[in-house]
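K.L.:
Protein chains in written order, with the numbering used here: chain C, 663 to 927; chain R, 83 to 421. Below is a structure I'd like to ask you about.
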Amino acid sequence: MNTRRPVAASLAVLGYIVMIAPLFFVVITAFTAGSTVRFPPDGFSLRWFEAAVTYQPFMSALASSLQLAVFAAVASLALGVPVALAIHRGKIPGKGLLEGMFLSPLIVPELVVGLALYQQFMIGLGMNNLTTLAIGHTVLMFPYAVRVTGASLALIDPAVEDAARGLGASPMRTFFTITLPLLRPGIFSAALLAFVTSFNNVPLSLLLQSREFRTLPVTMLDYVQQNYDPIVASTSVLILAGTVLVAVVAERTVGFAKIFGGINR
Amino acid sequence: MSVTSAAQFQAVSQVFGDFTAVDAIDLTIPEGKLTTLLGPSGCGKTTSLRMLAGYLRPTGGRILIRGEDFTTAPPEKRNLGMVFQSYALFPHMSVADNVGYGLKLRRVSGSERAKRVTEALEMVGLAHLAGSRPKQLSGGQQQRVAIARAVAIEPDLLLLDEPLSNLDARLRLQMRAEIRRIQSETGLSVVLVTHDQDEALEMSDQMVVMKDGRIQQQGSPQDVFPAPANRFVAEFLGYENFVPTADAQVTVRPEHLHVNARQSPAATSDGLSLDGRVTDLAYRGVDVLVTLAADAPGSSSPDPIRLVADLRASTAPDLRIGDEVAITASPGHLVTLPA
């Protein structure tokens, strides 16, 4: 921490406390032996973790969420990587405008996106809610795919691709033997980011849910409105643990500075 | 037609919007020789090289390689070995895989490929680093790997884009000799782009001086250096003194000017003979740079002209700023240029 800027340093510490302290209470209450959410907890046990992993609605919602997140991550990358390539390597006019447009789903409120999808796709085109959710999440994850792979593409010296061409590789061969391997860490971290963002998404999933297909965060939200027992805390801790694990892997493989550096530039 | 040229530019142009980078140049790259494209940045030398390599399609004219029209062929159809300024090694591959990449694409079998990779690496003295990654190598070593990779495919031409500009001064001198050695060992036709006239003079069989997308002069260093064709080439090669005459101008190198204390009015001779005054002195150990203001009889302007003399410190006369001097040069050292 920079000791020569005490105000900034204090604010940073305060910020961390505000963000982390509530989580601390959630984590502690998840380990309670009692049957209510209370602090300090009534003894220590893992019974609410057991309850969480055996509670059928949560587990089927978890399966739904995982399915959706995997689909959204894969689909957004399948679309996002070619777009990033076109923006960074293609000879197209108005690249800046194009890139801005592809990032716009980050700016439009998700409830608006959700409502639009609901009206046009579910009501208008009669799509089922699984398809609509898959499309919605893919659209939301798309900017991450474009930006993160774009950031790692910008770090690749175009002369390296030229060199491959000069040695006899077709454009396709150059992409698969040179560009794609060099892009792999970027694609990997984009996939992780998209996966986590989709998995944790509430607004869109809330609007487009149905009785048959409901994601975990939405199911938990419903549950909290009816009951107030520590099973929600223990489930949250499990999700938190999973998310942190994914973040650590992303940091180790590519580094946040590289991932978010691209967004700030 | 017999094949005596490795490549030919026929009225080749490259126009970007309203900027003409290369303006209808005609150029023959001789077989088995080292040709340098020399000029300041923006003169069109790198653009010409990139058109020859296939990375840029000419907007006019034709490019022939070994007599065949390759004007519109993409780089992968040309069999040319290109060494990039940034070296452009594949960071995710070992040195050996970098050098073997082009051979693999040519479906050279595994054992034959290994043999040729080793040969190429031995040629640049790096066989012991075959298993390393590019980022573990120094700049000079990366440069050698890039050359080995380009030479391994047995290209019709070896193209080098400012290959020495990212190296430190000592390494640069060493690599000049190294590239010459590789050229003569392989007998390859080489085209090298540089902005450094010393590099071009030392390395070239043929040098091509460019400016504003046009060729100013071409020929062997022995032909070009003593006889620059115009003022631009003369200045680029270090001629600093330009004296206007009745209908032209003469130029002379700083080391060929003589400066002596004035005894009597300057004697007229065949060579250059001017009266002048010392305006600045810079002692540099081996030599002394003398800046002079000279009266120019042929000049239309009343202002004196600025001349620079590079005198050997051991034999230079004792001069002070303000001294009135006689400035002379022998006729053999004068080059007449168009005005």
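Here a beta-carbon is modelled for each residue, glycine too, at the ideal position from N, C-alpha and C. Source: prediction; values computed, not measured.
Between the Cα of Leu-908 (chain C) and the Cα atoms of C:Pro-820, C:Ala-853, C:Glu-874, C:Gly-788, which residue gives the shortest distance?
P.N.:
Here residue 908 (chain C) corresponds to residue number 246 of the first sequence, with the count starting at 1. According to the sequence shown, residue 908 (chain C) is Val rather than Leu. Nearest C-alpha to Val-908 (chain C): C:Ala-853.
K.L.:
Going by the beta-carbon positions, is the gap between Leu-119 (chain R) and Phe-91 (chain R) smaller than 8 angstroms?
P.N.:
What you label residue 119 (chain R) is simply residue 37 of the second sequence in a count that begins at 1. What you label residue 91 (chain R) is simply residue 9 of the second sequence in a count that begins at 1. Going by C-beta atoms, Leu-119 (chain R) is not nearer than 8 angstroms to Phe-91 (chain R).
K.L.:
Kindly list the residues whose CB is nearer than 8 angstroms to the CB of Arg-139 (chain R), restricted to its own chain and excluding five residues on each side of it in sequence; keep chain order.
P.N.:
Reading the second sequence from its first residue, position 57 is the one you call residue 139 (chain R). These residues qualify, in order along the chain: Met-133, Thr-153, Thr-154.
K.L.:
DSSP three-state label for Lys-753 (chain C), please.
P.N.:
As a first step, residue 753 (chain C) must be located in the first sequence, where it is residue number 91. Here Lys-753 (chain C) sits in coil by DSSP.
K.L.:
Please list, in chain order, the residues of the region 179 to 199 of chain R that have any C-beta partner in chain C closer than 7 angstroms.
P.N.:
The residues in question are Tyr-183, Gly-184, Leu-187, Arg-188.
K.L.:
According to DSSP, is Leu-673 (chain C) part of a helix, a strand, or is it coil?
P.N.:
Here the question's residue 673 (chain C) lines up with position 11 in the first sequence. The answer is helix: DSSP assigns Leu-673 (chain C) an H, G or I state.
K.L.:
Name the chain R residues that come within less than 9 angstroms of Pro-843 (chain C), Cβ to Cβ?
P.N.:
Working through the first sequence from its first residue, we reach residue 843 (chain C) at position 181. Per Cβ cutoff of 9 angstroms: Phe-172, His-174, Met-175.
K.L.:
Indicate the three-state DSSP secondary structure (helix, strand or coil) for Lys-293 (chain R) in the structure shown.
P.N.:
To locate residue 293 (chain R), count along the second sequence from 1; it is residue 211. Here Lys-293 (chain R) sits in strand by DSSP.
K.L.:
Quick check: Gly-848 (chain C) and Ile-749 (chain C), are their CB atoms within less than 8 angstroms of each other?
P.N.:
Working through the first sequence from its first residue, we reach residue 848 (chain C) at position 186. Working through the first sequence from its first residue, we reach residue 749 (chain C) at position 87. Not in contact: Gly-848 (chain C) and Ile-749 (chain C) (Cβ atoms no closer than 8 angstroms).
K.L.:
Please report the distance separating the alpha-carbon of Leu-363 (chain R) from that of Gln-300 (chain R).
P.N.:
Stepping through the second sequence from its first residue, residue 363 (chain R) is reached at position 281. Stepping through the second sequence from its first residue, residue 300 (chain R) is reached at position 218. Whole-angstrom Cα-Cα distance: 35 angstroms.
K.L.:
For Val-104 (chain R) and Gly-786 (chain C), I'd like the C-alpha separation in whole angstroms.
P.N.:
Reading the second sequence from its first residue, position 22 is the one you call residue 104 (chain R). Reading the first sequence from its first residue, position 124 is the one you call residue 786 (chain C). Their backbone Cα atoms lie some 58 angstroms apart in a straight line.
K.L.:
For the region 833 to 844 of chain C and the region 166 to 184 of chain R, state whether three or more C-beta atom pairs, one from each stretch, are separated by less than 8 angstroms.
P.N.:
The region 833 to 844 of chain C vs the region 166 to 184 of chain R: in contact.
K.L.:
Please give the ranges of any alpha helix (DSSP H) in the region 118 to 164 of chain R, keeping only runs that are unbroken, at least 4 residues long and fully inside the region.
P.N.:
Here the runs fully enclosed are 127 to 135.
K.L.:
Would you list the one or two residues that DSSP bridges to Tyr-365 (chain R)?
P.N.:
By one-based count along the second sequence, residue 365 (chain R) stands at place 283. Tyr-365 (chain R) is bridged to R:Val-370.
K.L.:
Along the chain, where does the alpha helix (DSSP H) that runs through Asp-179 (chain R) open and close?
P.N.:
Here residue 179 (chain R) refers to the residue found at position 97 of the second sequence. From DSSP, the alpha helix (DSSP H) with Asp-179 (chain R) extends over 177 to 187.
K.L.:
Report yes or no: is there a C-beta of chain R within less than 8 angstroms of the C-beta of Ser-832 (chain C)?
P.N.:
Start at 1 with the first residue of the first sequence, and residue 832 (chain C) comes out as number 170. Answer yes: the Cβ-Cβ gap between Ser-832 (chain C) and chain R drops below 8 angstroms somewhere.
K.L.:
Going by DSSP, which residues form a beta bridge with Leu-243 (chain R)?
P.N.:
Here the question's residue 243 (chain R) lines up with position 161 in the second sequence. Here residue 243 (chain R) turns out to be Asp, not Leu, going by the sequence shown. Answer by DSSP bridge pairing, in chain order: R:Val-275.
K.L.:
Taking Cβ positions only, does Ser-396 (chain R) come closer than 8 angstroms to chain C?
P.N.:
By one-based count along the second sequence, residue 396 (chain R) stands at place 314. No, because no Cβ of chain C sits closer than 8 angstroms to the Cβ of Ser-396 (chain R).
K.L.:
Among residues of its own chain, excluding the 5 on either side of Gln-331 (chain R), which ones have a beta-carbon nearer than 6 angstroms to its beta-carbon?
P.N.:
Taking the second sequence and counting its residues from 1, the one referred to as residue 331 (chain R) is at position 249. Here the set comprises Phe-324, Leu-419, Ala-421.
K.L.:
Identify the contact partners of Pro-156 (chain R) in chain C, using a Cβ-Cβ distance below 9 angstroms as the criterion.
P.N.:
Residue 156 (chain R) sits at position 74 when you count from the first residue of the second sequence. Per Cβ cutoff of 9 angstroms: Arg-827, Ser-832, Pro-833.
K.L.:
Please confirm whether Ala-821 (chain C) has its beta-carbon closer than 8 angstroms to some beta-carbon of chain R.
P.N.:
The count along the first sequence starts at 1 and reaches residue 821 (chain C) at position 159. Output row for Ala-821 (chain C): interface = yes.
K.L.:
Roughly how many whole angstroms lie between the Cα atoms of Gly-771 (chain C) and Phe-764 (chain C)?
P.N.:
Counting from one through the first sequence, the residue named residue 771 (chain C) turns up at place 109. Counting from one through the first sequence, the residue named residue 764 (chain C) turns up at place 102. Before going on, a small fix: residue 771 (chain C) reads as Pro here, not Gly. Distance between the alpha carbons of Pro-771 (chain C) and Phe-764 (chain C) is about 15 angstroms.
K.L.:
Could you check whether the region 783 to 797 of chain C touches the region 870 to 881 of chain C, counting it as contact only if at least three pairs of C-beta atoms, one from each stretch, sit closer than 8 angstroms?
P.N.:
The region 783 to 797 of chain C, when compared against the region 870 to 881 of chain C, does touch it at the 8 angstroms Cβ threshold.
K.L.:
Buried or exposed for Pro-702 (chain C), please, with buried defined as at least 16 other CB atoms from any protein chain shown within 10 angstroms of its CB.
P.N.:
What you label residue 702 (chain C) is simply residue 40 of the first sequence in a count that begins at 1. Pro-702 (chain C) should be labelled exposed.
K.L.:
I'd like the span of the beta strand (DSSP E) that includes Glu-406 (chain R), first residue to last.
P.N.:
Counting from one through the second sequence, the residue named residue 406 (chain R) turns up at place 324. Segment 406 to 411, the beta strand (DSSP E) holding Glu-406 (chain R).
K.L.:
By DSSP's criteria, Leu-902 (chain C) is part of a beta bridge. Which residues make up the other side?
P.N.:
Here residue 902 (chain C) corresponds to residue number 240 of the first sequence, with the count starting at 1. According to DSSP, Leu-902 (chain C) bridges with nothing at all.
K.L.:
For His-799 (chain C), count neighbouring C-beta atoms within 10 Å of its own C-beta (all shown protein chains included) and say buried if the count is 16 or more, exposed if not.
P.N.:
Numbered from 1 along the first sequence, position 137 holds the residue referred to as residue 799 (chain C). By the neighbour-count rule (16 or more Cβ atoms within 10 Å), His-799 (chain C) is buried.
K.L.:
Got a sec: which bits of the region 677 to 702 of chain C sit with their beta carbon under 9 angstroms from any beta carbon on chain R, in order along the chain?
P.N.:
Hits within the stretch: zero.
K.L.:
Name the DSSP bridge partner or partners of Ser-95 (chain R)?
P.N.:
One-based indexing of the second sequence puts residue 95 (chain R) at position 13. Answer is R:Gly-142, bridged to Ser-95 (chain R).
K.L.:
What residues from chain C crowd round Ala-135 (chain R), counting only those whose CB sits closer than 7 angstroms?
P.N.:
On the second sequence, position 53 is the one that residue 135 (chain R) refers to. Near Ala-135 (chain R) (Cβ distances below 7 angstroms), the residues of chain C are Gly-828.
K.L.:
Thinking C-alpha only, which one of R:Ala-398, R:Leu-354, R:Leu-356, R:Ile-261 is nearest Leu-116 (chain R)?
P.N.:
In the second sequence, the residue the question calls residue 116 (chain R) occupies position 34. Checking every option, the nearest Cα to that of Leu-116 (chain R) belongs to R:Ile-261.
K.L.:
Is any beta-carbon of chain R found at less than 8 angstroms from that of Ile-840 (chain C)?
P.N.:
For the purposes of this step, residue 840 (chain C) is taken as residue 178 along the first sequence, with counting starting at 1. Chain R contact via Cβ: present.
K.L.:
Could you give the distance in angstroms between the alpha-carbon of Gly-677 (chain C) and the alpha-carbon of Pro-684 (chain C)?
P.N.:
Here residue 677 (chain C) is taken as the residue at index 15 of the first sequence, counted from 1. Here residue 684 (chain C) is taken as the residue at index 22 of the first sequence, counted from 1. Distance between the alpha carbons of Gly-677 (chain C) and Pro-684 (chain C): 12 angstroms.
K.L.:
Assuming contact is defined by CB atoms lying nearer than 8 angstroms, are Gly-828 (chain C) and Leu-208 (chain R) in contact in what I supplied?
P.N.:
The residue you call residue 828 (chain C) lines up with position 166 of the first sequence. The residue you call residue 208 (chain R) lines up with position 126 of the second sequence. Going by C-beta atoms, Gly-828 (chain C) is not nearer than 8 angstroms to Leu-208 (chain R).
K.L.:
Going by DSSP, what residue range makes up the beta strand (DSSP E) through Gln-331 (chain R)?
P.N.:
Translated into the one-based positions of the second sequence, residue 331 (chain R) becomes position 249. Counting along the chain, the beta strand (DSSP E) containing Gln-331 (chain R) begins and ends at 330 to 334.
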